[in-house]
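Asker:
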Amino acid sequence: MITSKRLTTGVAIALATLAAGLGTAIPAAADEAPAAPSPKVELVLDVSGSMRTRDIDGQSRMTAAKQAFNDVLDAVPEQVQLGIRTLGANYPGEDREVGCKDTRQLYPVGPLDRTEAKTAVATLAPTGFTPIGPALLGAADDLEGGEGSRRIVLITDGEDTCGPLDPCEVAREIAARGTHLVVDTLGLVPNAKIRQQLTCIAEATGGTYTAVQHKEELSGRVKQLVDRAAEPTVTPVATEGAKSCSAAPALKPGLYTDRAKIAQHRWYRVDVLPGQELRASASVAADRAVDEDYGVLLRAVTVHGREIVRGSEAGAGRTDVISSGLRYPKAEVADGDDGDGKPAAETVCLQLAHSFSAPASVKRSPGLPVELTVDLVDGPGAASDVAAFGLGRGWWLLGALVLTGLVAGLLTGWLSRWRVAVWRTN
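The sequence shown begins at -2 in this note's numbering and counts up by one.
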């Protein structure tokens, strides 16, 4: 009896200990893998009067868009926070000033209730104007907050009818905020002016433009863009280069974005330890009409202004992006420490300049998009060839020529002496 009680007590204690261990182990495991920030997507749908037109698979554009939205809402990944915004859906009148403010959030950005979102979309009817610019600004505000990726998907059948607010300039302003918000555009009408405007909006934010003329194309492309938002990506860090090295921001290895106006130089600083190699590259995107003949220059200089190394690239004609890069290995120094046993780092100043120019009618602000990559790796243990001694990659040919000349000279000298000796003997 006593043995039975002791056995029961021992089992109870063992179970309690095991439960306590599991209780502490589970939170620890949870702490090791923090949840990734949720991506945010807002679908912006044009509900202007022109969406009544029946030219998509025998249906009106509005009917096709609703059916496509239902397909998309059924397939939204669980981790995506999705919202819906409309433009031109509420004001049926002719007052342009009122109609050009007609944009509202139909479904808030957050965890998706599919039934509620579908019900909201089902109530829409083609109504008013096409205020694309105000809708983009509203959508950008809807997506603020959080650390995840942000994406706007704009579906429209026409260009903005509410000037002078240019949607392309609005997109550039959104991109200049440094929130890494991408705008993808889908055009329901194959019109050159519409394509030009929607392409400009997309390119200004690093997004894409797609022309769609069938319901299956529309639903498939929107699904693809929503899924793309859920894919893990490297989010660039917004920075602001200075006018001089002394005031420049200190950068660590990573991906950065900035804006550089026409004829403006930008400065950044990187600390390089002995034995490390600095690898840096910069890309400048022409997100507006620019002149021909352009270039980009990336220089590494000391804090005293002495140039260390440079990389440059030039071109002629229209391009979207032009890039250049450089590498700077800092040699190991035996006595190069700062007194406390740690090696002393060298501050390298990176200067970025571009020679893009544009007609006077093109706006200078915000500046052109800049993407800067900084990496620090272990430097090479030895030079890969004799280029370190200034001989270039053709050193082996030079060495062969020297050796051949030496051998030929020795043979010629020996033959000459032998002939002289034979002549004197005879």
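Ideal Cβ placement from N, Cα and C applies to all residues, glycine included. If you're wondering where the values come from, they're calculated on a predicted model, not measured in any experiment.
Just tell me which of G376, D43 and V367 has its CA closest to the CA of V118.
Answerer: D43
Asker: In angstroms with no decimal places, state the Cα-to-Cα distance between E508 and T207.
Answerer: Residue 508 falls outside the range modelled here, since the chain spans only -2 to 423, and no answer is possible.
Asker: Reducing DSSP to helix, strand and coil, say where Q210 ends up.
Answerer: coil
Asker: Who are the near neighbours of A470 in its chain, counting only those whose CB is closer than 6 Å to its CB and skipping five residues on each side?
Answerer: The displayed coordinates of the chain run from -2 to 423. Any statement about residue 470 would go beyond what the structure contains.
Asker: Please list, in chain order, all residues of the same chain as K220 whose beta carbon is under 6 Å from its beta carbon, the five residues on each side excluded.
Answerer: V69 and A72
Asker: Taking the C-alpha atoms as reference points, what is the distance between N438 and T158?
Answerer: Absent from the model: residue 438. The displayed extent of the chain is -2 to 423, so no value can be given.
Asker: Just the C-alpha distance for E213 and I53, rounded to the nearest angstrom, thanks.
Answerer: 10 Å
Asker: In its own chain, which residues sit with a C-beta less than 8 Å from the C-beta of H177, not counting the 5 before and 5 after it?
Answerer: Cβ neighbours of H177 beyond the five flanking positions: S146, R147, T232, P233, A235 and T254.
Asker: Is L79 helix, strand or coil when you go by DSSP?
Answerer: strand
Asker: Report yes or no: do three or more beta-carbon pairs, one from the stretch 55 to 68 and one from the stretch 88 to 98, lie closer than 8 Å?
Answerer: Too few Cβ pairs lie closer than 8 Å, so no.
Asker: Considering only residues of the same chain and omitting the five flanking positions on each side of Q78, which have a CB-CB separation below 6 Å?
Answerer: S35, K37, V106 and G107
Asker: Using alpha carbons as the reference points, say which of T127, A65 and G125 lies closest to A114.
Answerer: For A114, the nearest C-alpha among the options comes from A65.
Asker: Restricting to Cα atoms, I'd like to know which of V300, A168 and K63 is closest to P123.
Answerer: K63
Asker: Could you please give the first and the last residue of the uninterrupted beta strand (DSSP E) stretch that includes R266?
Answerer: R263 to V269
Asker: Going by C-alpha to C-alpha distance, which of T127, R51, N67 and S47 sits closest to T83?
Answerer: Ranking the options by Cα distance to T83, first place goes to T127.
Asker: Tell me whether P164 sits in a helix, a strand or coil according to DSSP, three-state version.
Answerer: DSSP places P164 in helix when its eight states are reduced to three.
Asker: Quick one: measure Cβ to Cβ for E343 and K327, integer angstroms, because I've assumed they're closer than 8 Å.
Answerer: 6 Å
Asker: Could you pull the start and end residues of the alpha helix (DSSP H) that K115 belongs to?
Answerer: R111 to A119
Asker: Report the rounded CA-to-CA distance for T182 versus S362, giving the unit in angstroms.
Answerer: 23 Å
Asker: By the three-class DSSP mapping on this structure, what secondary structure does S381 have?
Answerer: Residue confidence for S381 is low, a pLDDT of 49 falling below 50, so the modelled location carries little weight and cannot support an answer.
Asker: Of all the options G238, A227, C346 and R256, which has the alpha carbon lying nearest to the alpha carbon of A201?
Answerer: Looking at the Cα atoms, R256 is the closest of the given residues.
Asker: Assuming R276 and V374 make a contact with CB atoms under 8 Å, what is their CB distance in whole Å?
Answerer: The pair is a contact, with the Cβ atoms about 7 Å apart (cut-off 8 Å).
Asker: Ignore the nearest five residues each way along the sequence and tell me which others in Y51's own chain have a CB closer than 7 Å to its CB.
Answerer: According to the sequence provided, residue 51 is Arg. The question's Tyr does not apply to it. So the list reads S57, once near-sequence residues are dropped.
Asker: When burial is assigned at 16 or more other CB atoms within 10 Å of the CB, is V150 buried or exposed?
Answerer: buried
Asker: Classify A341 as helix, strand or coil using the three-state DSSP reduction.
Answerer: coil
Asker: Kindly indicate the opening and closing residues of the alpha helix (DSSP H) around D288.
Answerer: From DSSP, D288 is part of no alpha helix (DSSP H); its letter is neither H nor E.
Asker: Does the Cβ-Cβ distance between V345 and V399 come in under 8 Å?
Answerer: no
Asker: Might you give, ordered along the chain, the residues of its own chain that have their beta carbon closer than 7 Å to the beta carbon of L134, omitting 5 neighbours on each side?
Answerer: V167
Asker: Taking the straight line between their C-alpha atoms, what separation do you get for L295 and W411?
Answerer: 57 Å
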